[in-house]
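Chains as they are written, first to last, in my numbering: chain A, 1 to 370; chain B, 1001 to 1638.
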């Protein structure tokens, strides 16, 4: 089995991450660039509040994802969040990112990378990306861009990912499916190349409520040879995985034809659990399918942001295609537990690259990431 | 247990033999046979347009060379005979040998990405067409290999006047051509997959422009046993709706060039068109387009659904849907073991009448109508006689009592509206004749059944033809709706409760399924589409429940004067977009140029699923006159 890049991995959750934020980012030697979503998501300002309270040198880039004809209530929420973010970090830029171009073409990934590449990273020691209030189509290319800068030593030294896990909140944000399935920008992973025409495709969809139509369209697009759906377990709600399985019963049994032994259980609060599982599957399949065209894992992160981070890390390490369906809009019903409840659970922090790791590791990554 | 109706099995079956066993040749006969016989299918650009799920990809797969080879290997099997004959009629097979080498290339979102590059249009389209051509070449040879040919048996026949261009594709040696195509694909892929588009100066634009295999290759000559086959290459570009409109226009212009010897088809969804094209059906017109080419002469357009010859299309779809359903049933063990291979036989067409208690209520209603309009017993008897006369000449010899009563009620209501105006000097006549004679016909029967559905919940949707019509001529929708009926029949069989599904069960299952599908709708602007549907649906219900059933079975559409409708894209762009997506996802269908009352209308007709949901007639033609600004108000555009 190959050595995993993020094993060991420096990461924190709950109280540990609070401690890390207040100690590490409070240092005078840290010059921090925070990149965070500035949308309607109630989690938008939580990390910013904590960093602003402790970090002496803090600059911020707030990403405002713009989708056609947003609901008025969501727009108002986003405006309120932007105002509070602006007050928290006076030195900031707001990036208005159009997610859709003409004719509903998905251009968000390209736009965010183009805009972020115009930022000045000179003197920045740490880039902190808070993906809690960003969509997959925006956050994944953004992370990849900064990550490549870090490992090529052309940018900041450290890259941190933060997410405020809140399964209930993730569930209460229901996306309205767009029309075009495709790979996340920067995560094509050889998809559609002639070399991959005869590979055995294994699709790893992350199941979530309210995503049936999206996942079905992704399935049609991927047309996998096999499907291993990902269910959250262990989970704060012990039966959550079962409920999801029941919700997708028709798909699992008839449309996707999933063998029950192929279901992947991933710890709801541990991105590394899913990361390791995906890579283990990849390692096991590669030699088996080598002589018959090869094997290709395709990930589709929907729902829980924590699990999406696990998929992101696996995709970064093995250059896996990430297939998704961009949302044209969202519906949001305030959950019974508000953001205050989320704040109690604390952030999950992953130190993706930087001083915490030995130098040769950086070279290892440079050799692995195409 | 797996129910193949739950998915489009044709799209998920990898094995060609399994695919061919369940695919029905009917759409080929309906849509391709005529242009093939007229010689318009392979010699020019052919554009095939349909809604999602209308079977475009299935059709494309049928013309792939590997599929055709599989068919030929099994041509002695009777199962494949109809397909073999149909493909011969479509000129894909000539004298039992393949005449075309088809390959399908889906134009996924990555092709659209080229339009986002910060390059001049010429370079963007050049990169895209070079990538398409490289992949088409690779796909042709992959098809040859899947068709069990050795690459050494294949000869590429180039155009005589294309020496330089032939060199640029790697000459005529097959392995060199493949290697060159791979190189081109990889070099362009590196550009398209990059996080940040590389500088223009780093791209070898000349090399990209020189790579033109579609201009070079005229045909393939293949040794096949003792024969040598000369075949025309066919490229099928699927999902062209993903492209930017300008990009699509340039691609069309590039493909429409007459000098190309390769057959080329472009498959796309309705919503790829500009709203004006979807709403006004203008792609079939004879005008010179913005491509600078005359559509009817240089492009063959095939609509998989259109407003033309709708009666014929419905009949053809019924035939296709029944065939498809029967093939799917054959995949299910429970049915196959018992030789239950006809879905129509499993769906009872015997009506279920309202219970006797409710019949008494109905009798009271009819009596009240008679009293209200002072209708004499003789007149009532004449209506009853008229009704019985109608049935004596129809297939239904023993009409149910509830329908007879509801029909009688409608005739009495009509009678009351056709009485001559009373005058001051009128003599007392308790039995005046109507101004126009009253007639019992199929419209009155349908009206009566719709009234009974809404008043007494009498089952209305049952039988195989109803199921087919609810499919809105869309294979996927038909399968989605049929799946529940099939599952229920399967359960009945397993529980030894007989294979035939009662009308009332069919009716409830179909309506439940329709509601479920509507709830699951998730496409751009679906909320506004639903709002529009709700508005149209409610008005159609009110019209359909008029006591005199003025439109027979009632309305299931609204009509806007054609002239006014044509102005929608310009005057109400948001409404145009909502209608466009509604049409694309089978919420509505458009019937342009519908002549009624000496005026030309465009009908916005509800799709099968909304019709089931609102409890309207599936018979076509009944509509309400509306204005475009009424619709616009509904979606808050004005």
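Note that CB positions come from ideal geometry on N, CA and C, so glycine has one too.
Residue i, DSSP secondary structure in three states
{"i": "residue 313 of chain A", "result": "helix"}
{"i": "residue 191 of chain A", "result": "coil"}
{"i": "residue 373 of chain A", "result": "In the structure as shown, chain A begins at 1 and stops at 370. Residue 373 of chain A is therefore absent and cannot be evaluated."}
{"i": "residue 1354 of chain B", "result": "coil"}
{"i": "residue 1590 of chain B", "result": "strand"}
{"i": "residue 1070 of chain B", "result": "helix"}
{"i": "residue 224 of chain A", "result": "coil"}
{"i": "residue 32 of chain A", "result": "strand"}
{"i": "residue 330 of chain A", "result": "strand"}
{"i": "residue 60 of chain A", "result": "strand"}
{"i": "residue 1625 of chain B", "result": "strand"}
{"i": "residue 295 of chain A", "result": "strand"}
{"i": "residue 324 of chain A", "result": "strand"}
{"i": "residue 1335 of chain B", "result": "helix"}
Backbone CA spacing between residue i and residue j [nearest angstrom]
{"i": "residue 1143 of chain B", "j": "residue 1174 of chain B", "result": "14 angstroms"}
{"i": "residue 204 of chain A", "j": "residue 84 of chain A", "result": "38 angstroms"}
{"i": "residue 1185 of chain B", "j": "residue 1118 of chain B", "result": "20 angstroms"}
{"i": "residue 1340 of chain B", "j": "residue 1496 of chain B", "result": "14 angstroms"}
{"i": "residue 183 of chain A", "j": "residue 105 of chain A", "result": "13 angstroms"}
{"i": "residue 1335 of chain B", "j": "residue 1318 of chain B", "result": "21 angstroms"}
{"i": "residue 1557 of chain B", "j": "residue 1588 of chain B", "result": "9 angstroms"}
{"i": "residue 1560 of chain B", "j": "residue 1554 of chain B", "result": "17 angstroms"}
{"i": "residue 279 of chain A", "j": "residue 291 of chain A", "result": "20 angstroms"}
{"i": "residue 1468 of chain B", "j": "residue 1478 of chain B", "result": "6 angstroms"}
{"i": "residue 1615 of chain B", "j": "residue 1536 of chain B", "result": "13 angstroms"}
{"i": "residue 1115 of chain B", "j": "residue 1240 of chain B", "result": "14 angstroms"}
{"i": "residue 323 of chain A", "j": "residue 35 of chain A", "result": "24 angstroms"}
{"i": "residue 1247 of chain B", "j": "residue 1347 of chain B", "result": "48 angstroms"}
{"i": "residue 193 of chain A", "j": "residue 1103 of chain B", "result": "16 angstroms"}
{"i": "residue 199 of chain A", "j": "residue 1238 of chain B", "result": "21 angstroms"}
Under 8 angstroms from the C-beta of residue i: neighbouring residues of chain B
{"i": "residue 250 of chain A", "result": "1006"}
{"i": "residue 107 of chain A", "result": "1116"}
{"i": "residue 151 of chain A", "result": "By Cβ distance, chain B contributes nothing, its closest Cβ being about 13 angstroms from residue 151 of chain A, past 8 angstroms."}
Exposure label - residue i; buried when at least 16 CB within 10 Å
{"i": "residue 1060 of chain B", "result": "buried"}
{"i": "residue 317 of chain A", "result": "buried"}
{"i": "residue 1014 of chain B", "result": "exposed"}
{"i": "residue 1052 of chain B", "result": "buried"}
{"i": "residue 301 of chain A", "result": "buried"}
{"i": "residue 1369 of chain B", "result": "buried"}
{"i": "residue 1300 of chain B", "result": "buried"}
{"i": "residue 90 of chain A", "result": "exposed"}
{"i": "residue 1077 of chain B", "result": "exposed"}
{"i": "residue 131 of chain A", "result": "buried"}
{"i": "residue 1120 of chain B", "result": "exposed"}
{"i": "residue 1491 of chain B", "result": "exposed"}
{"i": "residue 1575 of chain B", "result": "buried"}
{"i": "residue 79 of chain A", "result": "exposed"}
{"i": "residue 102 of chain A", "result": "exposed"}
{"i": "residue 1522 of chain B", "result": "buried"}
Whole-Å CB distance - residue i paired with residue j, under 8 angstroms assumed
{"i": "residue 1515 of chain B", "j": "residue 1613 of chain B", "result": "6 angstroms"}
{"i": "residue 1415 of chain B", "j": "residue 1371 of chain B", "result": "13 angstroms between Cβ atoms; not a contact."}
{"i": "residue 348 of chain A", "j": "residue 163 of chain A", "result": "5 angstroms"}
{"i": "residue 1532 of chain B", "j": "residue 1578 of chain B", "result": "6 angstroms"}
{"i": "residue 1446 of chain B", "j": "residue 1617 of chain B", "result": "6 angstroms"}
{"i": "residue 1027 of chain B", "j": "residue 1055 of chain B", "result": "6 angstroms"}
{"i": "residue 1268 of chain B", "j": "residue 1099 of chain B", "result": "Between residue 1099 of chain B and residue 1268 of chain B the Cβ distance is about 25 angstroms, and since that is not below 8 angstroms, they are no contact."}
Neighbour list for residue i in chain B, Cβ cutoff strictly below 9 angstroms
{"i": "residue 253 of chain A", "result": "1001, 1002, 1003 and 1006"}
{"i": "residue 117 of chain A", "result": "1195 and 1196"}
Partner residues on chain A for residue i, Cβ-Cβ distance less than 7 angstroms
{"i": "residue 1138 of chain B", "result": "194"}
{"i": "residue 1580 of chain B", "result": "Neighbours of residue 1580 of chain B on chain A: none; closest Cβ ~11 angstroms, over 7 angstroms."}
{"i": "residue 1189 of chain B", "result": "193"}
beta-carbon residue i near the ligand MG non-hydrogen atom, thresh 7 angstroms
{"i": "residue 1320 of chain B", "result": "The ligand MG is not among the ligands present in this structure, which contains no ligands whatsoever."}
Chain-ordered chain A contacts of residue i [CB-CB under 8 angstroms]
{"i": "residue 1520 of chain B", "result": "212 and 213"}
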